[in-house]
Structure formats: C-alpha cells, structure tokens
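Asker: These protein sequence lines are chains A and B, in that order.
Take this note's numbering: the last position of the first sequence gets the number 404, and nothing is skipped along the way.
Take this note's numbering: the last position of the second sequence gets the number 424, and nothing is skipped along the way.
All C-beta atoms in this analysis are idealised placements derived from N, C-alpha and C, irrespective of residue type, glycine included.
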Amino acid sequence: MFIEDVFSGAVRYGSSVIFATQGEVISERAGVINLGMEGSMLCGALAAFATASATGSAVLGIFAGVAAGAVLAALHAFLVLWRGANQLASGLAISFLGLGLTAALGVSFVSKQITGLGAIEIPVLSDIPIIGPGLFAQDILTYLALILPFILVFLLARTRWGLVLRATGERPEVARAYGYDPRRVRAVATTIGGALGGLGGSQLVLAYTLNWVENVTVGRGFVAVALVIFGAWKPVQAAIGGLVFGAALSLQLQLQARGVDVSIWLLQMTPYVLTLLVLTITSRRQSQQIPEGLKAVFGGGKAA
Amino acid sequence: MNLTRHMRRASAAAAAALALTTTMAACGSDSSDSASADGGKTTATIGVLYVGPHTDYGYNQAAYEGIQELKKEMPDVKVLEAENVPETAEASRVMEKMIKDGATVIIPTSYGHYQPAVEVAAKHPDVIFLHQGGPKAIKPNLGTYFGQIYEAQYLTGMAAGLSTKSNKLGYVVAFPIPQTLLNINAFELGAKSVNPKVKTNVVFTANWCDPAKQTEATKSLLDQGADVISQHQDCTKTVVETTERAGAMSVGYHADASSLAPKGWLTGSVWNWGPLYTKMVKAALSGDFASSPYAGVYRVGIEDPTIALAPFGKAVSADTKAKVEAAEAKMRSGELKAFTGPIKNQAGKVVIPAGESPDAASLEATDYLVEGVVGNIPQS
C-alpha cells in the first residue's frame, strides 16, 4: 500500500538523521553548535561497520560507533571550550577531518560483508494499517530513534541534568552561581551529542545499508543541524524534521517505482527547501527560541 | 587583546585540523606503487586512476582486475595506481605526479576524469592518454575506448525474463544518461524477446554510489512486486545484498557479484578489460600510437572479449541457460542485434523502424525508454 510503503521508508531512511538531530539538540541547548556532527556520524559509521566486520557482532559495532562519534565531538569541545576556537570553523574542520579520516581508513572495508541488526517485529501492532510496518517492524536502533526524542523531552524538562544543561545554554552565569562549571557541562553535552551522531552512523550501516563506502552519510550530519533550527531546538519537532527528510526520499522513490512522473531533482531538494522555508517564515519565532548562549555564535542577537 | 588571541588560537586549531584532514585524504587517494614482480628491469611506466575503491563489486573493481591482468601480461611495465581519485582538479594533480614519476601512458578510468585528462594531455604531448568512456579523442595523444555493454544487458534481460514469476523486473539506475537508458532498454527488449508479458520498473537514485538510497530504491521496487533486480550503479554490493535478503533474484553489473547472492544470482553484464588494456598499452608504447585505432574513439561490441556475461547462478534453470547461451553465440557472430526494429518508445511511437539496426554511434544518442519500461526519464 502506497502510504504504508512511504511511511516505512521514511522511518528507515530518517532514523540515522533523527539520532543526529537529538545529539545536536543536546549540544546546542547547552550552548555549543556542532557542525562536526557529520564527522561524528561518519566516524561512528566506520567504527561500527569495522567492528561488526571484525567481531561478527553488530551489537559491539554499536558501542564502537557511539565511542567514535563521542571522541570526535570531544575534540570539538576541546577546541571550542578550552582553546577558544570559533565554533563554526572548528565544526567544519572536524567534519572534514571525519570525512578524510574515514575515507582513508575505510578502504579495506568496502567489500566486507556483515550480519546486521535484524528487524524485530512486534506481533499484532506491526499489522496496524499504514503505520504498523513503519513503527513496529524495525530493528532495535530504529526503535530507539523513535523513542529517544520523548526521553529527551522528559530529561530536559523534568530532571536536574536538563535544568543545568538548559541554564548553561541560556545563562551560564546562573549555572555557575549554582556551582556548575559551564565549560564542563558544555563539554559533556557536546560529547554526548557526538555519541548520538555516532549512533546515527551506526544505525545507517548496521541496520540499513549493511555496507560501508566513503562518505556513506552524504551530508546527513549537516541536514541534522538544519533540522534542529527547523525544530526550534525541541527534540520531538527536530525528530519530525528527520522523518520529513526520510519521507521526501521515500516518496520520490515509491512514486518512481509506480511509474509516476516525478522530478527527482525537485524531491531531492525537498528537505533543504523545507528548512529554508521554515527559516524564512518563522525566523522571528525561531530567534526567540534560540538558546541565549548560541546567539553570539549565530550573530543573530546580542551575546549573553 | 583577548579577542585577537582567541582568534589566533582558533585559526591555528582549525588549520591544524584541516591540514591533518588533507593529509589523511591524500593517503586515501595516493597510489600503491607496484613495481615489476621480479624486480627486474622496468621498460616503461604507466599510471592508472580509479574514481573509487578497487573492492566495490562494480566499475572500479572491473577496471582494477583488468589492470592486474595487464601486469601479468607485461611484467616489465611498472604500474602506478591511484584509487578514490575525485573527478576534480585533484585528478590533474595525480596525473601530473604520475608523469613526474616517469609514466608515459596514463589511463584515467572514470568518465569524469575526462576533462582533467584533456587539460593534462595538452600540457604533455609526449604522454599518451587512454580515457575510459570519454566522448571525443583529441589528437595526437588522447584516445577514448569503451564497450557496448548494453549488448550483454540484452542477454541478462533474457535470463531475467525467463526466470521471473511476477513478470515484473526492477532496475536501480543512477542518472538518466544515454548509457544507462541504453542498458535499461536492452534489458527490457531481451526480457520481452522471451516473455512478452514482462515489464521493467525503473527508479533513478541521482547518485552513482549512495548505499542508503540504493537500499531504499531496491525496497521500493520489491514493494511493487519486482522479483528480479538489475542495476546501473558504480558500486553494486548494496543492491545485490538487499535483493538477496528479500529472497528475490539479482542481475549484476560491472563485476561478478555472485558470491553476494548465493541463492538469487542469475547472471550479470561484466567487463573483462585485461586483453584490451594490454593491447592498448602495447600500442601506446610501440612508438606509433597515432596510427593505432586506440588514438580515436574506440568502441567494442559483444564480439570482443571485453564484454562478458558473469557465471550463471543456481537460480537459473538449464533451459534458460541454454537459451541465453544460444542467443549469446548469435550475438557474437553478428546474427542477432540487441536493437533491431521495429522498436517503440513508451508512448508507442516507432523509434527504430522495422528491420533497422542502428550502429553504436547513433545508439549513443538514446534519449527515450522503450515500450514495456515503467518509469519516467526525470526532466531537469
């Protein structure tokens, strides 16, 4: 069925981006923009694939992917928070580092075959029309991608950790007054964010493509950064952005396979056009939502 | 001031990271020099560029295997190889480096290496360039060569048409260019020649090697009930594996990927570049390249060993195998052509009149899909 197929495709294709958006939300809510997300995703993807290939265990691959994504983001945090590097410049450099590093180290893994994470079908629920196969017949990481935004909403709004994180992103001096070192909070948040990017990369290669090639993420990390703005720094909204990104591709392919005349070029642009549109239309609202600590970086307002 | 110090630190950090990246990327693309096996005298040096890794079960692997055969045939020739060479000024840089290291023949194997090769060739009239798939030869030192692999794709279409149970075939394609359209058309015509009911559904991914899109494209075709999937991508592994996992049958492309699909492999159109590479390099080193056919636009058909069928898989019945092999023999002798009119396009209009078999040059201008192909050529 058409809608069912498109929806399943959107979830499958969008999951890796959802992870990256959640990581970016954590990082930016603490006051650090991480344009290095793409690098974290790529390093996560290669580490996950290489580990799964070497050990035969996709689960070990997940851990390696998370660790690799975290290491790269920690490097970004170090450059930005301790060495005073410009956040945007450092992030871009980190992304290119990830691209070059994985291209060089990944060559020998291109031909490797791995056993990926299998789908776990939830009985009854997976038979629900339209949304069943998309939501309830997925692998473990895709389930996690669907649940994570809700967990994050809870953590940010209801826990002390969330409060400290938000305070650091909005008014670091308040966090400091309560005895928290804003720099450390930001470093931890950025590193966790990168770990989630690595998880996204792991989902991509362990559950979806089951293959590694150079630049396998093709810009998903950058898309995630844009989607966080699209989602006004809110986890669930950003995740919906990830699903829209997946749906744009899935819709285009499903229409093509049915012989419908569609412009693949136009649909390829959909996520980007959508983000630009949202930015244009809602820029006023968006600029109110932006964490205070980020305003200095974006240059969209006075520094906190 | 604090700010300037910060900025200096920031740019230093960024520069360091970028420098590291560039070094790493260069490591990835730079060559593994392979000198002559016996360490004996080297009579000549040639340089080969690949756009991707040599293990892609696809375009680059096919070229790489051809070069390995050349090395065996010509052990006294030193071969410089560079993988993952982008289709940018980087390609020019790699070629210049190879020439500096003594290469007198350069083989850029990707279509997009054409422009850089043309530029470098103009600067080095004494170096001979053999470009794979380029549109034009440039006198005196740049020739282009390629094969009409669509003729093999007609045969794989026959195997698919005889093996399908749903009468629906799927085709995952990168971009709508004449070469891909020719392959799709030949595939559907071959399938229809043995099974009039068969249709081929086409999906374009707008990328030569994006495993995520390949996965989704393959799934969308399987969702439509296609039970044989063929493809025109640079790296073929993902499509073949996704098809195999879904229990459907695969027709491969570029290189033999039968090991990836032990159950569903039918066959595939593959390149066997070794003999042609060897002949061309011998001609280039002979001192009389200009009078050889390789100095022009050189194209080979299925009568040449360059174009071959991959071994048949277990999913192919003995009867199917016999029919395909018989047709292959007829094609090699010239008795059977992939494109013989009347052939109609999707709108039902005759594009090749009855009895006509256009030559390779006019087929290279194909801008339509034939009747029986489901899908549209994306317009820009």
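(1) Determine the chain B residues that contact residue 114 of chain A at a beta-carbon separation under 7 Å, and present them in chain order.
(2) Around the C-beta of residue 422 of chain B, are 16 or more other C-beta atoms found within 10 angstroms, so that it is buried, or is it exposed?
(3) Beta carbon of residue 73 of chain A, beta carbon of residue 140 of chain A: below 7 Å?
(4) Taking the straight line between their C-alpha atoms, what separation do you get for residue 341 of chain A and residue 148 of chain A?
(5) Identify, in the order they occur along the chain, each residue of the same chain with its Cβ nearer than 6 Å to the Cβ of residue 172 of chain B, setting aside the five sequence neighbours on each side.
(6) Note down the Cα distance separating residue 300 of chain A from residue 252 of chain B, rounded to an integer number of angstroms.
(7) Have a look at B:314, B:207, B:337 and flag the residue whose alpha-carbon is nearest the alpha-carbon of residue 325 of chain B.
(8) How would you list, in chain order, the residues of chain A whose beta-carbon sits under 8 Å from the beta-carbon of residue 285 of chain B?
(9) With DSSP as the reference, please indicate the residues paired to residue 343 of chain B in a beta bridge.
(10) Using CA atoms only, rank isn't needed, just tell me which of B:140, B:175, B:142, B:141 is closest to residue 157 of chain B.
(11) Return the chain-ordered list of same chain residues with a C-beta closer than 7 Å to the C-beta of residue 317 of chain A, the five sequence neighbours on each side being excluded.
(12) Just to confirm the assignment, what range does the alpha helix (DSSP H) spanning residue 302 of chain B have?
(13) Given 8 Å as the limit, is there contact between the region 228-241 of chain B and the region 329-338 of chain A, that is, 3 or more CB pairs closer than that?
(14) Pull the bridge partners of residue 251 of chain B from the DSSP assignment, please.
(15) May I ask you to report which of helix, strand or coil DSSP gives residue 3 of chain B?
(16) Residue 210 of chain B and residue 357 of chain A - do their beta-carbons sit closer together than 7 Å?
(17) Can you list, in chain order, the residues of its chain whose CB lies under 6 Å from that of residue 351 of chain B, leaving out five sequence neighbours each side?
(18) Of all Cβ atoms in chain B, is any one closer than 7 Å to the Cβ of residue 227 of chain A?
(19) From the DSSP secondary-structure annotation, give me the bridge partner or partners of residue 414 of chain B.
(20) Exposed or buried, residue 126 of chain A, counting other C-beta atoms within 10 Å across all chains shown (16 or more means buried)?
(21) Can you pull out the residues from the region 88-101 of chain B whose beta carbon lies closer than 8 Å to at least one beta carbon of chain A?
(22) Should residue 284 of chain B and residue 208 of chain B be called a contact, given that it needs their Cβ atoms to be closer than 7 Å?
(23) Buried or exposed: where does residue 180 of chain B fall if 16 or more other Cβ atoms within 10 Å of its Cβ makes it buried?
(24) Using a beta-carbon distance below 7 Å, is residue 199 of chain B in contact with chain A?
(25) Can you name, in chain order, every residue of its own chain whose Cβ lies under 7 Å from the Cβ of residue 276 of chain B, other than the five neighbours on each side?
(26) Anything in the region 121-152 of chain A with a Cβ closer than 7 Å to a Cβ of chain B? List those residues in chain order, please.
(27) For the beta strand (DSSP E) that contains residue 274 of chain A, what are its first and last residues?
(28) Could you give the distance in angstroms between the alpha-carbon of residue 105 of chain A and the alpha-carbon of residue 320 of chain A?
(29) Could you give the residue range of the alpha helix (DSSP H) that holds residue 259 of chain A?
(30) Which residues mark the beginning and the end of the alpha helix (DSSP H) in which residue 205 of chain A is found?
(31) Tell me which residue opens and which closes the alpha helix (DSSP H) that residue 144 of chain B is part of.
(32) When you compare the CB of residue 255 of chain B with every CB in chain A, is at least one pair closer than 7 Å?
Answerer: Reading off the structure:
(1) Neighbours of residue 114 of chain A on chain B: none; closest Cβ ~10 Å, over 7 Å.
(2) So residue 422 of chain B ends up on the buried side.
(3) The structure shown does not extend to residue 73 of chain A, since chain A is modelled only from 101 to 404, so the question has no answer here.
(4) Rounded to the nearest angstrom, the two C-alpha atoms are 25 Å apart.
(5) The beta carbon of residue 172 of chain B sits closer than 6 Å to the beta carbons of 149, 185, 328, 333 from its chain, once the five residues preceding and following it are set aside; these are given in chain order.
(6) Rounded to the nearest angstrom, the two C-alpha atoms are 23 Å apart.
(7) Nearest neighbour of residue 325 of chain B by Cα position, chosen from B:314, B:207, B:337, turns out to be B:337.
(8) Taking a Cβ-Cβ cut-off of 8 Å, the neighbours of residue 285 of chain B in chain A comprise 213, 310, 311, given in sequence order.
(9) Assignment of beta-bridge partners to residue 343 of chain B by DSSP yields B:190.
(10) Minimum Cα distance to residue 157 of chain B is reached at B:175.
(11) Cβ neighbours of residue 317 of chain A beyond the five flanking positions: 138, 141, 142, 145, 301, 304.
(12) Residue 302 of chain B -> no alpha helix (DSSP H), and no H or E assigned at all.
(13) Touching, no, given that fewer than three Cβ pairs across the two stretches are closer than 8 Å.
(14) BP columns for residue 251 of chain B are empty, so no partner.
(15) The structure shown does not extend to residue 3 of chain B, since chain B is modelled only from 45 through 424, so no value can be given for it.
(16) With respect to the 7 Å criterion, residue 357 of chain A and residue 210 of chain B are not classified as neighbours on the basis of their beta carbons.
(17) These residues qualify, in order along the chain: 191, 193, 196.
(18) Using beta-carbon distances, residue 227 of chain A does not count as an interface residue toward chain B, since no partner is under 7 Å.
(19) DSSP lists B:389 as partners of residue 414 of chain B.
(20) Buried: at least 16 other Cβ atoms inside 10 Å.
(21) Result list: 96, 97, 99, 100, 101.
(22) No. Outside cutoff.
(23) So residue 180 of chain B ends up on the exposed side.
(24) Put simply, the CB of residue 199 of chain B is far from chain A, with every gap to its CB atoms at 7 Å or more.
(25) Taken in chain order, the residues that qualify are 217, 218, 224, 227, 297.
(26) Going along the region 121-152 of chain A in chain order, one finds no residue with a Cβ nearer than 7 Å to chain B.
(27) Bounds of any beta strand (DSSP E) do not take in residue 274 of chain A; it lies within the alpha helix (DSSP H) bounded by 272-277.
(28) Going by the C-alpha atoms only, they are around 22 Å apart.
(29) In the DSSP assignment, residue 259 of chain A falls outside any alpha helix (DSSP H), carrying neither H nor E.
(30) Where residue 205 of chain A is concerned, the enclosing alpha helix (DSSP H) stretches over 187-206.
(31) Going by DSSP, residue 144 of chain B is part of the alpha helix (DSSP H) stretching over 133-144.
(32) Judged by the 7 Å Cβ criterion, residue 255 of chain B is in contact with chain A.
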